[in-house]
Amino acid sequence: MPEQQDNDNMDVDEPSENHEESRDAPVTGLPILFYNRDEPYYEFANFAPHSVRFERKEYPTAEHLFQAHKFLSTRPDLAERIRKVPTPRAALEEATRLRKLQRSDWFDVNISIMDQILEAKFTQDARLEKLLLDTGDSEIIENSPVDPFWGCGADGQGKNELGKALMRLRERLRRQGRDSPSGQRRWSQMDHEAPGSQNTTYVKHAKL
């Protein structure tokens, strides 16, 4: 997952099977947990093998794009290097190695950037958008035992910022309705504006 500590599930960035065909509808009131590649809703993970288009380039996963964003506005050469690495884990590791060169305001903008990346990922793929909307009002939790910021952490008391971002996106999609073709709606900002511009609202926090 984005910005997580070392993940002890070493298979998390391997290709996963598509779960849409056999997945049961979520039981109302029960949370939806995702994290491991061989379990339902792995598609919600940033390591899941779903590409994302941004500024006329294709990123192999949301994780590639998230890590590249640390450098896009200041060191596009490093962002491109991250875009081309073979796995999402390699993208995370490369960005971590280059941490001292990342944009200075990263901790002010990373939640907002995550919101934008998720919107691009889910609206560029109609199956993913439907999968998210079909979760109803269930709480969505990134069930990471190693990341108490983006996930729930080992004790289940983490901030779950990735799950919260998915639920915010679900609510935005509902408010906007289903009348616009998937993949062609909203977030022109993802195609035309770099995060950090004056038109973008950011949420500040203090975690990686």
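If you count by the UniProt record's numbering, then the sequence shown holds residues 1 to 208, one letter each, in order.
From the three backbone atoms N, C-alpha and C, an ideal C-beta is built for every residue, glycine too.
These figures come from a predicted structure and were not determined experimentally.
Should residue i be labelled buried (16 or more other beta-carbon atoms within 10 Å of its own) or exposed?
i           : result
GLN116      : buried
GLU142      : buried
GLU55       : exposed
GLU80       : exposed
PRO76       : exposed
GLU119      : buried
LEU33       : buried
GLU129      : buried
GLU161      : buried
residue 258 : Lying outside 1 to 208, the shown extent of the chain, residue 258 is not represented and no answer is given.
GLU171      : exposed
Determine the direct distance from the alpha carbon of residue j to that of residue i, and round the result to whole angstroms.
i           : j      : result
residue 230 : GLU58  : No answer is possible for residue 230: it lies beyond the span of the chain, which begins at 1 and ends at 208.
ALA95       : ILE82  : 7 Å
THR87       : THR135 : 28 Å
MET167      : LYS121 : 14 Å
residue 239 : LEU30  : Within the shown structure, residues of the chain are numbered from 1 to 208, placing residue 239 beyond reach of any answer.
SER144      : ASP155 : 10 Å
LEU169      : ARG97  : 31 Å
MET114      : ASN46  : 10 Å
PHE66       : ILE111 : 10 Å
residue 267 : GLN176 : The structure shown does not extend to residue 267, since the chain is modelled only from 1 to 208, so the question has no answer here.
ARG37       : LEU132 : 17 Å
GLN157      : PRO148 : 7 Å
ASP108      : LYS164 : 17 Å
HIS69       : ALA91  : 11 Å
LEU173      : HIS64  : 24 Å
PHE71       : GLU39  : 32 Å
ASP105      : ASP125 : 30 Å
Using a Cβ-Cβ distance under 8 Å, would residue i count as near chain C?
i     : result
PHE66 : Within the model displayed, chain C is absent; a lone protein chain is all it includes.
Would the C-beta of residue i count as close to the ligand GTP, meaning under 7 Å from any of its heavy atoms?
i      : result
ILE141 : As for the ligand GTP, it is missing from this structure, which has no ligand bound.
At which residue ranges does the UniProt domain "NADAR" (33 to 174) contain complete beta strand (DSSP E) runs of 3 or more residues, listed in the order of the chain? 52 to 54, 57 to 59, 140 to 142
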